[in-house]
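Take the sequence shown: its letter number 18 is residue 95 in the numbering used here, and every next letter is one higher. The beta-carbon is built from N, C-alpha and C at its ideal position, and this holds for glycine as well.
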Amino acid sequence: MKWRQLSILGLIILMLVLVTGCANGTAHVTVKKDGSLDIAFSLQLDSRAESLVGGKVEELLTSRLQAAGIELHKTKNGKSTEYQFLKSYDSIQDMQNAGSLEFVDTEVTTEDKWLYTRYDAAVQPKLNAYSDEIIDGLGTLNVPKSLVRLLMRNLALDFKLTLPYDLYGPNNAAEQDGNTLTWHITMADSEPLRLVVYVPDIRNIAIAGGAVILLLALAVTMFIRKRKSRKPKGSGK
């Protein structure tokens, strides 16, 4: 009976932690004009969430990030604990060669046009892939995993993407602020992040622009010549 009461108490604590939003996370990818990019991640847990899942979260993040050569930083801010990392890459190819973070599955298709290239991206966060590992760290509460997994569906993460220019096409982001798109992701989400980006072909645009200028110059020249041919002889005397 006493063990059952402790289990119920543990369940109540877990519900308070997960449902009242005691964890806030943000992942921000910034692409620069030279093609390099920065990846910034922040996860903040209040004292209740930290005491319950902090150790498992830290272990999970550290093991995944070390494989990609990224160092996790842990700081105390009042009663909250924040986990952060920042990593810069010279290019997307450089990031891929450095190792996968294994947090997302990405599918990208391209369509080449003469003046631009269209990129259709579908990004599926793999938050649920790590829920079991976190749940395993909560075994001492003696709470059914199915119930814990249900409650963990309330955990949320904001994913932000910033491009150097507003090149966005259709997307399912929750909001756009200038060149930054934001998606609000929870563990319950099964719909991937969808995004279309139009990247201009500067060379072909320059060729097209030069052709337009040439045609305009030709049209002006023909117009002037036509005007002169219509001018009556001797009108200049």
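Looking at the unbroken beta strand (DSSP E) that takes in residue i, where does it start and where does it end?
| i | result |
| --- | --- |
| residue 151 | 150–154 |
| residue 159 | 157–166 |
| residue 111 | Here residue 111 belongs to no beta strand (DSSP E), and DSSP marks it neither H nor E. |
| residue 251 | Segment: none, residue 251 is in no beta strand (DSSP E) and carries neither H nor E. |
| residue 270 | 270–277 |
Go ahead and pull the three-state DSSP assignment for residue i.
| i | result |
| --- | --- |
| residue 147 | coil |
| residue 124 | helix |
| residue 119 | strand |
| residue 258 | strand |
| residue 240 | coil |
| residue 234 | strand |
Quick check on the burial criterion: 16 or more other C-beta atoms within 10 angstroms. Buried or exposed for residue i?
| i | result |
| --- | --- |
| residue 276 | exposed |
| residue 191 | exposed |
| residue 241 | exposed |
| residue 183 | exposed |
| residue 169 | exposed |
| residue 152 | exposed |
When the Cα atoms are used, what is the spatial distance from residue i to residue j?
| i | j | result |
| --- | --- | --- |
| residue 273 | residue 114 | 18 Å |
| residue 282 | residue 253 | Because residue 282 carries a pLDDT of 49, less than 50, the predicted location of this residue cannot be relied on, and no value is offered for it. |
| residue 239 | residue 248 | 14 Å |
| residue 271 | residue 264 | 17 Å |
| residue 104 | residue 193 | 29 Å |
| residue 199 | residue 148 | 28 Å |
| residue 186 | residue 150 | 35 Å |
| residue 268 | residue 154 | 34 Å |
| residue 135 | residue 162 | 12 Å |
| residue 258 | residue 251 | 8 Å |
| residue 188 | residue 102 | 34 Å |
| residue 118 | residue 171 | 19 Å |
| residue 243 | residue 109 | 12 Å |
| residue 234 | residue 144 | 22 Å |
| residue 156 | residue 120 | 14 Å |
| residue 245 | residue 107 | 14 Å |
| residue 160 | residue 122 | 8 Å |
| residue 237 | residue 174 | 23 Å |
| residue 158 | residue 146 | 23 Å |
| residue 202 | residue 142 | 16 Å |
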